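Undergrad:
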Amino acid sequence: MKRYIEDTLQKSCVQWFDLQYGHISWALFHVPNGGQRNAKEAAKFKAMGVRPGVPDLILILPRGGYHYLALELKVGKNKQTENQKWYQSKMTENGGKYVVIRSLDDFIETVNAYLHQD
602 MKRYIEDTLQ KSCVQWFDLQ YGHISWALFH VPNGGQRNAK EAAKFKAMGV RPGVPDLILI
662 LPRGGYHYLA LELKVGKNKQ TENQKWYQSK MTENGGKYVV IRSLDDFIET VNAYLHQD
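Letter 114 of the sequence shown, counting from 1, is numbered 715 in the working numbering, and no numbers are missing.
1. DSSP three-state call for Gln622: helix, strand or coil?
2. Locate the beta strand (DSSP E) running through Ile628, then write down its first and last residues.
3. At which residue ranges does the segment 636-687 contain complete alpha helix (DSSP H) runs of 4 or more residues, listed in the order of the chain?
4. Suppose contacts are defined by Cβ-Cβ distances below 8 Å. Is Gln681 in contact with Glu694 by that definition?
5. Would you report the Cα separation of Asn639 and Glu607, rounded to the nearest angstrom?
6. Using a threshold of 8 Å, state whether the C-beta atoms of Phe630 and Ile659 are closer than that.
7. How big is the Cα-Cα spacing for Ala628 and Leu716?
8. Pull up the distance between the alpha-carbon of Leu670 and that of Tyr622, whole angstroms please.
9. For Gly697, which option in Pro633, Gly665, Lys641, Ser626 has the closest C-alpha, if you only look at C-alpha atoms?
10. Grouping DSSP H, G and I as helix and E and B as strand, with all else coil, what is Leu712?
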């Protein structure tokens with residue numbers, strides 16, 4: 602259930618982004634790291650570079666001194682995992698902006714602020 606709710610939020614965020622910023626929709630993407638897989642498929646994806654803790658969405662446009670914007674979506678009382686916290690520290694240490702998003706309004710405010718920096 603928890604995953605479904607976060608999936609719904611993510612779909613809403615991407616849909617809004619595509620409508621608002623269609624000319625740069627190519628720059629926002631999801632790396633499919635989560636979800637349930639059988640052992641064979643999980644091993645295949647791990648060998649292909651799946652990394653636990655990678656944020657849900659990444660916007661690869663530099664703005665305001667940042668190289669990119671990383672967005673981790675959480676709903677309700679859900680908290681970041683230790684792997685997600687580790688990725689947050691590594692991404693911010695290496696020039697990225699990392700934000701935990703809890704609603705569509707958070708996403709809209711964060712993306713608009715990020716994209717309208719000098």
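Using N, Cα and C, we set each Cβ at its ideal position, and we do this for glycine too.
All values derive from a computational prediction rather than experimental measurement.
TA: Straight from the coordinates:
1. The displayed chain sequence assigns Tyr, not Gln, to residue 622. The answer is coil: DSSP assigns Tyr622 none of H, G, I, E or B.
2. According to the sequence displayed, residue 628 carries Ala and not Ile. From DSSP, Ala628 is part of no beta strand (DSSP E); its letter is neither H nor E.
3. 640-648
4. Contact annotation: Gln681 and Glu694 have beta-carbon atoms that are not nearer than 8 Å.
5. 21 Å
6. yes
7. 12 Å
8. The C-alpha of Leu670 lies about 15 Å from the C-alpha of Tyr622.
9. Ranking Pro633, Gly665, Lys641, Ser626 by Cα distance to Gly697 puts Gly665 first.
10. Before going further, note that residue 712 is Val rather than Leu in the sequence given. Note: Val712 maps to helix in three-state DSSP.
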